[in-house]
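Heads up: the sequence lines are chains L and V, in that order.
For the first sequence, the positions run 242 to 322 when our numbering is used.
For the second sequence, the positions run 406 to 611 when our numbering is used.
Ideal Cβ positions, reconstructed from N, Cα and C, are used throughout, including at glycine.
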Amino acid sequence: MKSISCKEAVHYMLVREEGRLPLLKRISLWRHLAICSLCRTFAFQNKLMNAAIKQSSATSSTLTEAEKEKMIGDILNSKPK
Amino acid sequence: MQFDILSESQAKGTMTRLRYAEKEAQFRHWVREYSDLLFHHAVLRGFDRDSARDLTQETFISAWNAMDSFEGKASAKNWLFVILKNKITDHYRKSSGKISVLLSEYDHNFDEQGHWAKASYPRELTVNPSEATDVAELSRILHGCAAKLNSIQKAVFFLKYVDELESEIICTQLSITANNYWTVLHRAKVQLRSCLQKNWFLIQKI
Chain L
242 MKSISCKEAV HYMLVREEGR LPLLKRISLW RHLAICSLCR TFAFQNKLMN AAIKQSSATS
302 STLTEAEKEK MIGDILNSKP K
Chain V
406 MQFDILSESQ AKGTMTRLRY AEKEAQFRHW VREYSDLLFH HAVLRGFDRD SARDLTQETF
466 ISAWNAMDSF EGKASAKNWL FVILKNKITD HYRKSSGKIS VLLSEYDHNF DEQGHWAKAS
526 YPRELTVNPS EATDVAELSR ILHGCAAKLN SIQKAVFFLK YVDELESEII CTQLSITANN
586 YWTVLHRAKV QLRSCLQKNW FLIQKI
């Protein structure tokens, strides 16, 4: 079986996430991960990132009342197209 | 006869004014009720505060201009979200034109053999995934890093991981090939992880 590079391993991981990595390539990926600690670290942190991105960022994401009223004013006072 | 016609048109005028006032009140209600949700949706997709506010405003401008065609079959909220999502897609699609620039750049994260370049070695982070503060901190840094991706990477990344769309749908929406999709995603992920690592170690030192 063909051994794969780290770059390919990252690609395989991303395809695997979508559940569409064929069996032989899955085996190649396992074999690579078994011997490559850098890619194991990447794989772990990749999963961490996937979970963390869904969390809303801590920065406040609401508009102020003033912004909303300005928005209403701007739109209602502009001439309709 | 003359008098009748006049009063009829006067009545019509009053009706129009009443309906306009009603429409205006409805619109004010929509902005007050839904602008935060729309704004938040845009912020979660990598738009900074100003761009997210602009997108929200553009959504309401379109909604106001098309309000007469809104029949209330769908909920107002869903209708507004459809408008916003179309605006975001338009925004993304404009950015996919620049994909050739990204793809022509050499990927410095790997050497010629496809091995990690030394500067890009993934290092272990002292993150505890079951620790809420760690996850929150990670999420904060990650959003900051994602904001620095170029627009096509951002588009692919958010459509995939936040909107959770199938890759075929993303390719269609952005008019890119499957090969380009994988390359963009690959680079985005490697770049994000590097940025995360750099910033994580930065805060650990403080």
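Distance, Cα to Cα, residue 557 of chain V vs residue 414 of chain V?
Position 152 of the second sequence, counted from the start, is the residue given in the question as residue 557 of chain V. Position 9 of the second sequence, counted from the start, is the residue given in the question as residue 414 of chain V. About 55 Å.
For the ligand MN, is there a heavy atom less than 6 Å away from the beta-carbon of residue 482 of chain V?
Looking for the ligand MN in the displayed structure turns up nothing, as the structure carries no ligands at all.
Give the residues of chain L in contact with residue 484 of chain V, contact being defined as C-beta atoms less than 8 Å apart.
What you label residue 484 of chain V is simply residue 79 of the second sequence in a count that begins at 1. What residue 484 of chain V touches in chain L: nothing, since even the nearest Cβ is about 16 Å away.
Where residue 249 of chain L and residue 559 of chain V are concerned, what is the direct C-alpha to C-alpha distance, given to the nearest angstrom?
Taking the first sequence and counting its residues from 1, one reaches residue 249 of chain L at position 8. Taking the second sequence and counting its residues from 1, one reaches residue 559 of chain V at position 154. If I take the Cα positions, the gap works out to 22 Å.
Find the residues of chain V that neighbour residue 248 of chain L, judging by a C-beta separation of less than 7 Å, and give them in chain order.
Indexing the first sequence from 1 puts residue 248 of chain L at position 7. Residues of chain V passing the Cβ test: 515 and 519.
According to the Cβ coordinates, are residue 464 of chain V and residue 493 of chain V closer than 7 Å?
The residue given as residue 464 of chain V occupies position 59 in the second sequence. The residue given as residue 493 of chain V occupies position 88 in the second sequence. Not closer than 7 Å, so no.
Between the C-alpha atoms of residue 576 of chain V and residue 496 of chain V, what's the straight-line distance to the nearest angstrom?
As a first step, residue 576 of chain V is located in the second sequence; it is residue number 171 there, counting from the start. As a first step, residue 496 of chain V is located in the second sequence; it is residue number 91 there, counting from the start. Cα to Cα, residue 576 of chain V sits roughly 15 Å from residue 496 of chain V.
Can you have a look at residue 423 of chain V and say buried or exposed, based on whether 16 or more other CB atoms are within 10 angstroms of its CB?
Sequence index remark: in the second sequence, residue 423 of chain V carries index 18 (1-based). The residue in question, residue 423 of chain V, is exposed, as its Cβ has fewer than 16 Cβ neighbours within 10 Å.
Three-state secondary structure (DSSP) at residue 515 of chain V?
Position 110 of the second sequence, counting from 1, holds the residue named residue 515 of chain V. If DSSP states are grouped into helix, strand and coil, residue 515 of chain V belongs with the strands.
Under the rule that 16 or more other beta-carbon atoms within 10 Å means buried, what is residue 263 of chain L, buried or exposed?
Translated into positions along the first sequence, residue 263 of chain L becomes position 22. Burial call: exposed.
Flag this pair as yes or no: are the beta carbons of residue 552 of chain V and residue 451 of chain V separated by less than 7 Å?
By 1-based counting over the second sequence, the position of residue 552 of chain V is 147. By 1-based counting over the second sequence, the position of residue 451 of chain V is 46. Against a cut-off of 7 Å, the Cβ pair of residue 451 of chain V and residue 552 of chain V comes out as a contact.
Between residue 467 of chain V and residue 457 of chain V, what straight-line distance do the alpha-carbon atoms span, to the nearest angstrom?
Residue 467 of chain V sits at position 62 when you count from the first residue of the second sequence. Residue 457 of chain V sits at position 52 when you count from the first residue of the second sequence. Going from the Cα of residue 467 of chain V to the Cα of residue 457 of chain V covers about 15 Å.
If I follow the unbroken alpha helix (DSSP H) through residue 271 of chain L, where does it start and stop?
Sequence index remark: in the first sequence, residue 271 of chain L carries index 30 (1-based). That run of the alpha helix (DSSP H) goes 264–276.
Return the bridge partner residues of residue 521 of chain V from the DSSP annotation.
As a working mapping, residue 521 of chain V is identified with position 116 in the second sequence. Answer by DSSP bridge pairing, in chain order: V/515.
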